[in-house]
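J.:
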Amino acid sequence: MIALKLPPSRPRRRPHELSFSADERPPLATSVMLGFQHAVMALALLAYTLALARTAALTVDQTRDLLAVTIIAMAIGTALQSWGGRFGSGSLMIHMPSVFMVPLAAPVIAQTGPGGMVTMTIVSALATLAIAPLLPRLRGLFPPIVAGLVVLIGGMSLVAEAVEHSWSLGHDFEIDIPSLIMSSITLSLIVGLSVWGNRRLKLLALLIGIVGGILAAFVMGRLDGGAMLLSTPPVSVPMPVSPVFDIPVSVLIGLAFIAILTQIDTVGSLILLDKMDDADWRRPDMKQASRGVLAAGITDLVGGLIGAMPTATSSANIGLAHASAVTSRVVGLATAVLLLAVAFLPQVTLALTLIPTPVIGAIELYAAAFLMAAGIDLIASRELDTRGIFVVGLSLLGGVTVLLMPGLAERAHPALRHLVGSGFIVTGVIAILLNLIFRLGIRRQISVKLAADGPPVPIQITDFIEEAGGAWAARRDVVRRAALAAVEAAEAIDHAGGDRRVTGVGGSFDELNLDIELVHTGAPMPVGDVAVADLESLLDGDDDSAIDAAMSSISGTLLRRLADRLSSRPGPEPGTSILRLHFEH
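In terms of UniProt numbering, the sequence shown has 252 at position 252, counting the first letter as 1, and numbering is strictly consecutive.
(1) In the structure shown, what three-state DSSP assignment does Ala279 receive?
(2) Over the uninterrupted alpha helix (DSSP H) stretch that includes Arg501, give me the two end residues.
(3) Please state the DSSP three-state secondary structure of Thr335.
(4) If you reduce the DSSP assignment to three classes, tell me which class Lys5 lands in.
(5) When you compare each of Leu514, Leu518 and Gly506 to Ile493 by their alpha carbons, which one comes out closest?
(6) Please state the DSSP three-state secondary structure of Asn198.
(7) Rounded to the nearest angstrom, what separates Gly575 and Asp499 at their Cα positions?
(8) Give a yes or no on contact between the stretch 353–373 and the stretch 168–182, applying the rule of three or more CB pairs nearer than 8 Å.
(9) Per DSSP, what kind of secondary structure is Arg439 in: helix, strand or coil?
(10) From Pro243 to Ala325, what distance separates their C-alpha atoms?
(11) Leaving aside the five residues before and after Ala295 along the sequence, list all residues of the same chain whose C-beta is less than 7 Å from its C-beta, in chain order.
(12) Report the residue ranges of all beta strand (DSSP E) runs contained in full by the stretch 214–246; include only those spanning at least 3 residues, in chain order.
(13) Is it true that the stretch 131–145 meets the stretch 366–376, where meeting means three or more beta-carbon pairs spaced less than 8 Å apart?
(14) Scan the stretch 407–484 and note each continuous alpha helix (DSSP H) run of 4 residues or more that stays entirely inside, going in chain order.
(15) Are the stretch 44–62 and the stretch 309–321 touching, with three or more C-beta to C-beta distances below 8 Å?
(16) Which first and last residues belong to the alpha helix (DSSP H) in which Ile298 is found?
(17) Looking at C-alpha atoms only, which residue of Pro572, Val527, Ser314 and Leu403 is the closest neighbour of Glu161?
(18) Could you have a look at residue 588 and say whether DSSP puts it in helix, strand or coil?
(19) What number of angstroms, rounded off, separates the C-alpha of Thr386 from the C-alpha of Ala336?
(20) Going by CA-CA distance only, name the one from Phe424, Gly421, Val505 and Met405 that's closest to Ser447.
(21) Taking DSSP as the reference, what is the three-state secondary structure of Ser577?
(22) Out of curiosity, what's the CA-to-CA distance linking Ala110 and Leu434?
(23) For the beta strand (DSSP E) containing Ala39, list its first residue and its last residue.
(24) Buried or exposed for Ala373, going by 16 or more other Cβ atoms inside 10 Å?
(25) Please return the same chain residues whose Cβ sits closer than 7 Å to the Cβ of Ser9, not counting the five positions on each side in sequence.
(26) From what residue to what residue does the beta strand (DSSP E) around Ala312 run?
(27) What separation, rounded to the nearest whole angstrom, lies between the Cα atoms of Ala279 and Arg14?
(28) Can you name the residues that DSSP bridges to Ser508?
(29) Just verifying my parser: in three-state terms, what is the DSSP assignment at Val348?
(30) State the Cα-Cα distance for the pair His16 and Asp277, rounded to the nearest angstrom.
(31) Just verifying my parser: in three-state terms, what is the DSSP assignment at Met93?
(32) Mind checking whether Pro114 and Asp172 have CB atoms under 9 Å apart?
(33) Spatial neighbours of Leu255 within its chain, please: CB distance less than 6 Å, with the 5 preceding and 5 following residues excluded, ordered by chain position.
(34) Since Ile271 and Ile425 should fall inside the 8 Å C-beta cutoff, what is the C-beta to C-beta distance between them, to a whole number of angstroms?
(35) Could you check what DSSP says for Val326 in three-state terms: helix, strand or coil?
(36) Taking C-alpha atoms, which residue in Gly225, Ser395, Glu164 and Gly375 lies nearest to Ile432?
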């Protein structure tokens, strides 16, 4: 494996905190050891497949086969991503079962059996393959606010079933005490180790929590299947299922929509890994992201043919890569080989099916909490004006209404029942539509003249940038940095002499760039490097002009720290100039 010649990727400079970057090759023993850790992490995330199987009431044999073929799909996706070239991102990206598919797919599988998964996964794959080449052009449809809403409602959709599984609730809502104990131990271990554990324990928190729940079940006599495990052959080939095509159209539309939304998470994960790999990283490589989404589509297409569950990318494994300081593609290939081997070991997959339902419920609770918090964090990362507030509020209102009043979907046409009955889909559709509608009338270039008799200039500039940033839904940290830099620049202009005075401010924005322009009277501001003043000679001398010049140089240095690029040019009117501050977004 080490002798393989991998396709070349974009030149990158390895950050000092990494031991091996994407294109570097660790020793064989290191690659295998790290591949084993990544494989264990990915197998722990099969809890989402188990959750779907339990909700759909699949038999033990059906669940075991579903796990095996899903592991094969995970191995294929991981191998494609790690290999790179035309059909992969060329990064250490591990695939896992898609948690977003569980709420919509489980009721259908309960009616059709595992055969329905063939059709649903293939539809998901076709939607992903269709979106992959268009991804760079569709970025405006899925801003972080929309992505955050999708992630948030995805977590909320898991809550009801997670509680039912954790507490073994019946129709009378009576709580089973042993189930409560098992799920509480599992969730407590996961949360406790994630908060107070060291780096290694944090990475293994999910796995340790599952083991703790299983031990609790064993002590209370709730662990069955030992004889079945011993009678299972050590090696076998998983059998593909016969496809079932009788799937409601509304479900297929919903699956396609979820598949597209899932790729938002894929792109985010790929950008994060690319940033980890490159010390000179400046902006997302959308071509690499497009190839990563293409790999995800190919994975689900092949997985669908054998009845596997749709896959997604694992952020937990990105955390493991960061902790180990290794993002080598070779480690990804080692992980894929190990996953593929496990798929043909039925005792391992059967052991996964024997995990008690309350333990799986605790994993679902953990996933729901994580997704909701991550969604809120993603929404809060952008400035929100009145438009943004209504996008968030109305989209959540629609999705939560469907979750709390599922009977409303029964009033819909049968062809649309599954579509409007999913809070996940309703929230996503409303968010995208409102985002498109509210973008009408928003100018990407805005400029105003500063009022001479108005508030102080710094306040006018700050208000302008914050209002524009909210309308553009720009990143909150970039907006604050731009406001601070613009105020500092205005003060530098006023103290530069030469009859300079700020008279106006403007701005322009796209998803990659934020530019602020200060219009002022007088000659253009010098923006080149300024020599550092000798502080000792300044303090010993009495030259006030030298002190003023030194203060100006300090202001210029601060501006170059705050802004990614500075430029100055003559203005459109005689006697005016423009100082432009550029910020990468």
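Cβ atoms here follow ideal geometry from the backbone N, Cα and C, with glycine treated the same way.
T.: The structure says:
(1) coil
(2) No alpha helix (DSSP H) holds Arg501; DSSP gives it neither H nor E.
(3) helix
(4) coil
(5) Leu518
(6) coil
(7) 10 Å
(8) yes
(9) coil
(10) 43 Å
(11) Gly77, Leu80, Gln81, Phe87, Gly88 and Ser89
(12) none
(13) no
(14) 417–420, 423–438 and 457–472
(15) yes
(16) Met286 to Leu305
(17) Leu403
(18) In the structure as shown, the chain starts at 1 and stops at 585, and residue 588 therefore has no counterpart that could be examined.
(19) 47 Å
(20) Val505
(21) strand
(22) 34 Å
(23) No beta strand (DSSP E) holds Ala39; the alpha helix (DSSP H) holding it covers Leu28 to Ala44.
(24) exposed
(25) Ala22, Asp23, Gly84 and Gly90
(26) Thr311 to Thr313
(27) 6 Å
(28) Gln445 and Asp515
(29) helix
(30) 10 Å
(31) coil
(32) no
(33) Met120, Val123 and Ser124
(34) No, Ile271 and Ile425 are not in contact; Cβ-Cβ is about 25 Å, not under 8 Å.
(35) strand
(36) Ser395
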